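Numbering (the numbering used here), first residue to last: 789 to 954.
Right, one structure below, let's go through it.
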């Protein structure tokens, strides 16, 4: 059945899915997250975490849902545990799950800065969801961010304004 307003095929509510078939049915929808955010540093658009969540929630019709948590792993090379974002995809009729863990790699001082840590957590939540659900995404700032920048004494970025710590 198809929803005439969105032209998106809706799941047959009488069918029971497992994790694999639910993910397959979700991917058949060819969902993408709308680019509703604006990166002020590079004047580019990107899909916000909210837009990505809205897109992946289309999987609810197949019994898919996700959880995201902040966890810590002990690394023999580090004195303190390393924080990570753990994204788990569940399917309501299936005990199987898919788990993706991505460590938060920041300078030690940035780990003590709530804004920088929060920005890194949000960034990883967004990208792990996109990755786990197979959502297409354009590189919103990667190519520009990898170019060398010319800093002047008057630039806002050299004064630390709008620094997301990534």
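Just so you know, even glycine gets a beta-carbon here, dropped at the ideal spot from N, CA and C.
Note that this is a predicted model, so its numbers are computed, not measured.
- When DSSP states are grouped into helix, strand and coil, residue 805 belongs to the coil group.
- DSSP places residue 917 in the helix class (H, G or I) of the three-state scheme.
- Of 892, 903, 902 and 886, the smallest CA-CA separation from residue 853 is found for 886.
- For residue 875, the secondary structure class from DSSP, reduced to helix, strand or coil, is strand.
- As a beta-bridge residue in DSSP terms, residue 891 pairs with 872.
- Sequence-distant Cβ neighbours of residue 823 in its own chain, meaning closer than 7 Å and more than five residues away, are 833, 834 and 835.
- Boundaries of the alpha helix (DSSP H) harbouring residue 897: 896 to 899, taken from the DSSP string.
- The three-state reading of DSSP puts residue 857 in strand, counting E and B together.
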